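See below for the structure under consideration.
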Amino acid sequence: MDFLQRLARFLDRPLFPWKKLILGFSVGQYLFETFLTLRQYRILQKTQPPAVLSKEISKETFDKSQAYGRAKAQFEIVSGLWAQVQNVAFIQYDVLPKLWSWTGDLLLRLAPARFSGEVSHSILFVLSFIVIQQILSLPTRVYSTFVLEEKFGFNKQTPKLFIMDMIKTNLLTVALMPPILAAFLKIIQKTGNQFVFYLWVFAAGLQLFTITAYPIFIQPLFNKLSPLEKGELKNKVEELASSHKFPLQELFVIDGSKRSAHSNAYFFGLPWKKHIVIYDTLIEKTETNEIIAILAHELGHWKLGHTTRLFGIAQYPIIIGFILFSDALSPMDTVIKLLLNILSRKYEFEADGFAKALGFRSELASSLIKLHAQNLSTMDADWVYASYHFSHPHLSERLKALDWKAKEALTSEDKDKKGSATATGRDGL
Ligand SMILES: [Zn+2]
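Taking the UniProt record's numbering, the leading residue of the sequence shown gets 1, the next gets one more, and so forth.
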């Protein structure tokens, strides 16, 4: 608390060159991220898969995943530039202060007197800001869905579904944002010096509420969850869950195929009552044992306490961001993102290790390979780019950590030679 007060006092000086500082941070961050993307682009131009994958991934799939990666990298640079132009214009032309006074005038003129306070003003301000951002980000969202994802065969959304999603999201924002923001502001107003603590409690409560309410009230607006049919898969998942005392309440299949051909599986729910959700696309494209291996990995996250710890850590930046609501702290964002990703990658290796220890090494490896091939995910990465952007280790790193050896027989004559070369020389790429 003391630190925040001192920081606020330090920053609150009229002659401080605010604009220049913020512009500098903002442009600096874009240049840094573009530099990373260009480094990654070099890796995406390789024509041979990493050695550990050479037996598993066909040349055709590898080429396609590289092309997808390059298309996404180009998109990142252009959409980043667009966001950068907006940001610089916003700062240079004082868009936010103007929006603040404009929304204030609007309230004074149109709303009854009891809505002229700081809370109503803040709500109107944030809502207008969200509308502006949505309009400005529309071109990149449309391009990403209907051009980029479409080109590589992943988009399953129709324009109608896209528009419906947008309408629903906006209605939800209008319904949920005002009470939450009002509560935040009231807490800051009423709790004096200890407001950080109370905000933390509020944010934790809000997150618990979201976890409980989201699947019941919000998710059905967008997706259909149906109970998994009886059968081998269901039996095996239940067996896995009960052997680790995982509090499995319900098993669902989600119609992810409605929007995208990408596939996945995840858990949700309260600590004592959890649900497992499997994408219909995953069931379609992988075998039962491979799905079990993926769930064993997820179970590892739970068993090793990863989710709880990340949940606790992720609270602080959200609150600090909310209080200071300022671009001046974007370098701190960058550092937090970097640290969280390092921690998250460590957890991914641990969860893989957990699944491996349960005897799912080859199933996990083959499911990872299949998922990466189907999703055309990046299979190799520049280490600086990966350190900054990736919450998961990339495929070759994970296969190496699993100590995975290619299934297919190596060519007959120099079998031994090649075998030893693979064992020692896999770090070549
Ligand atoms: Zn994981």
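Just so you know, even glycine gets a beta-carbon here, dropped at the ideal spot from N, CA and C. From a predicted model like this one, the values you see are computed outputs, not experimental measurements.
| Asked | Found |
| --- | --- |
| Residue 155 (DSSP reduced to helix, strand or coil) | strand |
| Among 273, 269, 293 and 259, the one whose alpha carbon lies nearest that of residue 280 | 259 |
| Pairwise C-alpha distance: residue 341 and residue 438 | Any property of residue 438 remains undetermined from this structure, which presents the chain solely from 1 to 429. |
| Proximal residues to residue 432 (C-beta, below 8 Å), its chain only, five neighbours per side dropped | Past the edges of the chain, shown from 1 to 429, lies residue 432, and the structure says nothing about it. |
| Selected residue, minimal CA-CA separation from residue 27, among 372, 101 and 85 | 85 |
| Proximity winner among 221, 253 and 244, relative to residue 304 (alpha-carbon distances) | 244 |
| Residue from 75, 209, 262 and 113 with nearest C-alpha to residue 269 | 209 |
| For residue 108, the first and last residue of its enclosing alpha helix (DSSP H) | 95-110 |
| Residue 218 versus residue 63 - alpha carbon distance | 39 Å |
| For residue 442: DSSP bridge partner residues | Any property of residue 442 remains undetermined from this structure, which presents the chain solely from 1 to 429. |
| Nearest-angstrom Cα separation, counted from residue 157 out to residue 229 | 26 Å |
| Beta-ladder partner(s) of residue 123, from DSSP | Answer is none; residue 123 lacks a bridge partner. |
| Whole-angstrom C-beta distance between residue 220 and residue 252, which should lie under 8 Å | In fact, because the Cβ distance is near 11 Å, the residues do not count as touching under 8 Å. |
| Beta-ladder partner(s) of residue 265, from DSSP | 278 |
| Check whether residue 300 and residue 265 have beta carbons under 8 Å apart | no |
| Residue 276 and residue 248 closer than 8 Å at C-beta | yes |
| Inter-residue CB distance, residue 19 and residue 77 (contact presumed, cutoff 8 Å) | No, residue 19 and residue 77 are not in contact; Cβ-Cβ is about 25 Å, not under 8 Å. |
| Check whether residue 234 and residue 148 have beta carbons under 8 Å apart | no |
| Contacts around residue 323, its chain only, beta-carbon distance under 6 Å, and the 5 residues preceding and following it disregarded | Summary for residue 323: the model assigns pLDDT 48, below 50, so the residue's position carries little reliability, and this model does not support an answer. |
| Simplified DSSP state of residue 55, which is helix, strand or coil | coil |
| Cut-off 8 Å between Cβ atoms - residues of its own chain near residue 211, not counting five sequence neighbours on either side | 268, 269 and 270 |
| DSSP state of residue 323 mapped onto helix, strand, coil | Low local confidence applies: a pLDDT of 48 at residue 323 is under 50, so the model's placement there is unreliable, and no value is given. |
| Buried or exposed by the 16-neighbour rule on C-beta atoms within 10 Å, applied to residue 302 | buried |
| Bridge partners - residue 72, DSSP secondary structure assignment | Partner(s): none; residue 72 has no beta bridge. |
| Three-way DSSP call (helix, strand, coil) for residue 260 in this model | strand |
| Residue list, Cβ distance to ligand 1 heavy atoms smaller than 6 Å | 297, 301, 348 and 351 |
| The region 288-295 touching the region 356-376, judged by at least three CB pairs closer than 8 Å | yes |
| Short Cβ contact (8 Å threshold) for residue 124 with residue 107 | yes |
| From 357, 262, 232 and 47, residue whose alpha carbon lies closest to that of residue 377 | 262 |
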